[in-house]
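One structure below.
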Amino acid sequence: MTVVSDDGGVPELAPEDETLAVSASRKSQEIVPPVLQQRTVIKVLTGLEAGRVHVVTTEEVIVGRASTCGLRIDDSSLSRQHCRIRRTGGSYFVEDLGSRNGTQVNGMRIKAPMLLEDGALIQLAAGTIIMFSHQEDLEVQAEQRLYASAVLDPLTGLHNRRHLDARLKAEFAFANRHGTPLSVLLIDIDHFKKINDTHGHAGGDAALRVLAERLQRAVRTEDIVARYGGEEFAIIARGIESAGAMLLAERVRETAAKIQVPHEDVIIAFTISVGVASMSKERLFDSVASVLKAADDALYKAKELGRNRSVRG
């Protein structure tokens, strides 16, 4: 009910009208829940990439360790093209591609394409199990953020030290078992303290981010680039002997020398020093720690010799 004021002015609301108005206002301010979209995902449950979530956006996904696979999992026990997950008539099927170790679904080795139910466990190797499922978009995003926080350095976006240590341990074991080469490069920005003192920590962070991006572009897909700590980075190069590792070291060193980082109307330029350690049939190491020490000693030598150079340990 509306009450007209005695002076013929603006009408006033009766008490019951006020209640209705407040109720309508509250309803208009209520948060409307988002429309949750279902995603088809493949989640890595075990191995070095445990927790990684791959969203399926194509009609088929090839899973394997080759760089050309839609879902590449860096596990030496996997075949280059291990299995195929394909959508047919609204359903998904998994098919083994003649892999060396076979493909199992929920504990049963498959010999023909098998229908995948929500939550199906697919075992590709002793250390790699993936799960096929349908998840809501918000849940997928949360899991992707959680995985990134566990394995990536927040400043540079490269792998963090924890992931580097796990990968190096696995690569060292593989190289020893198969007698294949393995090289480790330790990289340090020369006079980094001077960059921080001159341009502030924001300038130093900008230099780190740009170098990280250039290092990632300079290596192969199968190589691992990580932030080792502070202004130091590391590269794990599988199957690369000493000569090839030195070529890689020189390539990244020359790349770094050309970097120009715009920051607050100035340009930040810098150089790097690189220490290289390579294991092969001719040169064996007894532990991961010994490989890292050899690379670190070589890096220290590069610093002693005047910086902006690569030294083999």
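So the working numbering is basically just the index in the sequence shown, starting at one, shifted up by 24. Glycine residues also receive a C-beta, built at the ideal position from the N, C-alpha and C atoms. The model shown is predicted, which means the values in this text are computed figures rather than measured ones.
As the crow flies, the alpha-carbon of residue 155 is around 7 Å from that of residue 68.
Shown here for residue 110: same chain residues with a beta carbon closer than 6 Å to its own, the five before and five after excluded, namely 84, 117 in chain order. Collapsing the DSSP output to three states places residue 197 in a helix.
Secondary structure at residue 272: helix, using DSSP grouped into helix, strand and coil. Between residue 287 and residue 230, the gap from beta carbon to beta carbon is short of 9 Å.
Close CB contacts of residue 281 within its chain, under the 6 Å cut and outside five residues either way in sequence, are with 295 (chain order). Rounded to the nearest angstrom, the Cβ distance from residue 336 to residue 270 is 6 Å, consistent with a contact under 8 Å. Excluding the 5 residues flanking it on each side, residue 322 has same chain C-beta neighbours closer than 7 Å at 299, 300, 301, 335, 336, 337, in chain order.
Cβ atoms of residue 188 and residue 250 come within 8 Å of each other, at about 4 Å.
Between residue 222 and residue 91 the beta-carbon gap is near 40 Å, outside 8 Å, which marks them as no contact. Straight across, the Cα-Cα distance linking residue 292 with residue 285 is about 5 Å. Secondary structure note for residue 152: its beta strand (DSSP E) is the uninterrupted segment 152-160.
The distance from the Cβ of residue 134 to that of residue 145 is about 12 Å, inconsistent with a contact at the 8 Å cut-off.
Collapsing the DSSP output to three states places residue 265 in coil.
Within the same chain, Cβ atoms closer than 7 Å to the Cβ of residue 151 are found at 70, 71, 99, 101, the five residues on either side in sequence being excluded.
A distance of 9 Å or more separates the beta carbons of residue 86 and residue 63. Between residue 213 and residue 255 a beta carbon distance of about 4 Å is seen, short of the 8 Å cut, so the two are scored as contacting.
In the DSSP assignment, residue 294 forms no beta bridge with any residue. Under the 10 Å beta carbon count, residue 78 is surrounded by 16 or more other beta carbons and is classified as buried.
Judged by DSSP in its simplified three-state form, residue 248 adopts strand. Boundaries of the beta strand (DSSP E) around residue 66: 62-68.
When the beta-carbon positions are compared, residue 260 and residue 304 stay at least 9 Å from each other. Residue pairing of residue 145 in beta bridges, as defined by DSSP: 155. Considering only 175, 238, 275, the residue with the shortest C-alpha distance to residue 332 is 275.
CA-to-CA, the gap between residue 220 and residue 147 works out to about 48 Å.
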